[in-house]
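Those protein sequences? They're chains A and B, same order as listed. Here the first sequence stands for residues 42 to 362, where the numbers follow the numbering used here. Here the second sequence stands for residues 1155 to 1343, where the numbers follow the numbering used here. Built from N, CA and C at the ideal position, the CB exists for glycine as well. Nothing here was measured: the structure is a model prediction, and the numbers come from that model.
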Amino acid sequence: MTTSWKPSADITTLKRRAQYLADVRLFFAERDVWEVETPILSQSAPTAPYLDSFTTDYMPIGSQTKQAHYLQTSPEFAMKRLLAAGSGSIYQIARVFRNGEQSKKHSPEFTMLEWYRPDLTLHQLIDEVNALMQHVFQFDSIMRLSYRMVFEFFFKLNVHTCSDDEIKHCTLERINSLPDDFETDRDGWLELLMSYVVEPRLAALNCPLFIYDFPASQSQLAKIKHDQQGNAVADRFELYIDGIELANGYNELLDADELRQRFENDNQQRKEQGKPEVKTDENLLAAMESGLPECSGVAIGFDRLLMLVMNQKDIKTVQSF
Amino acid sequence: MASVSTNQFKSGLKFMLDGDPCSILENELVKPGKGQAFNRVKFRNLKTGRVNERTFKSGDSVESADVMEVELEYSYTDGEFWYFMDPETYEQHAADATAIEDCKKWLKEQYVYTVTQWNGSPLLVTAPNFVNLAVKDTDPGLKGDTAGTGGKPATLETGAVVRVPLFMNIGDLLRIDTRSGEYVERAKK
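And the structure:
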């Protein structure tokens, strides 16, 4: 076996990476958003059923007792505690970890650029992401469409009112690699259509796109509101460029009781899938009870962004090792 | 039979799908941010040779296929089966017409072929990349034409027809690339 000690990115790429990091910091400095650092290691983790944290044990010296700890999948919870403590607008360039995720577009350890703006609405935050993409990364101004419009355009489906069966049939019809007896839930079908049909088509059309107003079942940690047609939708957005899911933003949920309920639902789903339940973050819930300001937040996969800017097809080629 | 989970999927892995042995060509993880994970797998059906795609839920299992590749020497045919011999044990393996379909025109006695076996019987016979075959029939050679322009058809000892340079004669030994079916050069022996 040959041991390859060499970096998986070339030195020129890594220098450009450093320059982009500096440019991003300048972008936020000019907007009075200050940089924070929060712990990577935590005693609690997100409950999301399809998000697996790395776990490790803390053992006090001279003791055999183990305390479970998690590596963060995003700095979201700690940053929200800062917001509740009155931080104002903050950003972080954080190392995050996701167990089991490895592909040309996934790395179990990657860099996330995440920021929170108590003074901006979700669409004003989209404006700011757009400005960052234009000024720092030289993209053209990016179009916006609601999730409903995207599904109407590609599938002639009203995603908020159609039945589970209609979505299932549409998916089986459009994706030939799915066997007829394939089973998943409503969000599973929607995610398949998104990954197999929408993303490649957007890439082929060369059409970077902000998609907003997601189905309420995919609200994650965003508020739920009603759109102009009266459908309950999750007040969040994602950004797709070249068929790559690049950013995920929320009008942040503020209600601690609602969040506790979502955590419990997640853990119930985990149980049904035979996955370990995750201890909910009581610190976050307490911070929200004391009062999280109205705010919008977004996380961008920084390595994926560099892949797009530098025209790389494998995430390894923008990471040092 | 052992089962294999999607997390062990990689190119070259042999598994059973709808009763047929298949070999993975590409395995791609499809994982939206906080959504479910799927494995999008491109595979070759080893029985039909067809390439296809299948999506699995990550964490699902498939049955592994008892597929092996062995190097065997071609012996003879009785018209119904083509017999290959293990050069060490002298054991004979009978391959049917489907298994030898792709390499039938390159089959020559005593040459070694790669035989893909499923549950011990030949599923697919693959010719080596290059074989040396003699010209059985072609128009008379043209003296002086060494540039190899144009060329002419020649029937080889196995029945294959390839385009060869004009100066080639019956009995000449040629090196053939079996992947493209093209003449490469004159062979020494």
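Segment contact: the stretch 101-108 of chain A against the stretch 305-318 of chain A, fewer than three CB-CB distances shorter than 8 Å; contact not assigned.
Of the residues assessed, residue 1190(B) falls on the buried side of the cut-off, its CB having 16 or more other CB atoms within 10 angstroms. If you draw a 10 Å sphere on the C-beta of residue 275(A), you find 16 or more other C-beta atoms in it, and that means buried. Membership of residue 196(A) in the alpha helix (DSSP H) is indicated by the continuous run 188-196. Listed as beta-bridge partners of residue 266(A) by DSSP are 274(A). A distance of 7 Å or more separates the beta carbons of residue 280(A) and residue 345(A). Against chain A, a Cβ distance below 7 Å from residue 1184(B) picks out 236.
At least one CB atom of chain A sits nearer than 7 Å to the CB of residue 1209(B). A straight line joining the alpha-carbon of residue 1232(B) with that of residue 225(A) spans about 52 Å.
The CB of residue 1274(B) never comes closer than 7 Å to any CB in chain A; the least such distance is about 29 Å. With respect to the C-alpha of residue 1205(B), the residue from 1212(B), 1243(B), 1213(B), 1196(B) having the closest C-alpha is 1196(B). Among the residues of the stretch 83-99 of chain A, those with a Cβ less than 9 Å away from any Cβ of chain B are 87, 89, 90, 91, 92, in the order of the chain. Contact between residue 358(A) and residue 53(A) fails: their C-beta atoms lie close to 11 Å from each other, not under 8 Å. Remark: C-beta atoms of residue 1257(B) and residue 1288(B) do not approach each other more closely than 7 Å. Around the beta carbon of residue 1319(B), 16 or more other beta carbons sit within 10 angstroms, so the residue counts as buried. Contact check for residue 1270(B) against residue 1223(B) passes: the beta carbons are separated by less than 7 Å. When the beta-carbon positions are compared, residue 1329(B) and residue 1336(B) stay at least 7 Å from each other. The beta carbon of residue 1241(B) is closer than 7 Å to those of 1227 in its chain, skipping five residues each way along the sequence.
A residue is called buried when at least 16 other Cβ atoms come within 10 angstroms of its Cβ; residue 1273(B) does not meet this threshold and is exposed. Going by C-alpha positions, residue 313(A) is about 19 Å away from residue 1159(B). Residue-level contact by beta carbon holds for residue 1190(B) and chain A, with a gap shorter than 7 Å.
Put simply, the backbone Cα of residue 144(A) is about 58 Å away from that of residue 1294(B). By the Cβ-count criterion, residue 117(A) is buried, with 16 or more other Cβ atoms from all chains shown falling within 10 Å of its own Cβ.
Residue burial is scored here from C-beta neighbours: residue 82(A) has fewer than 16 other C-beta atoms within 10 angstroms and is therefore classed as exposed. Membership of residue 1204(B) in any beta strand (DSSP E) is not indicated, and neither H nor E is assigned to it by DSSP.
Counting other Cβ atoms within 10 Å of its Cβ, residue 332(A) stays below 16 and is therefore classed as exposed.
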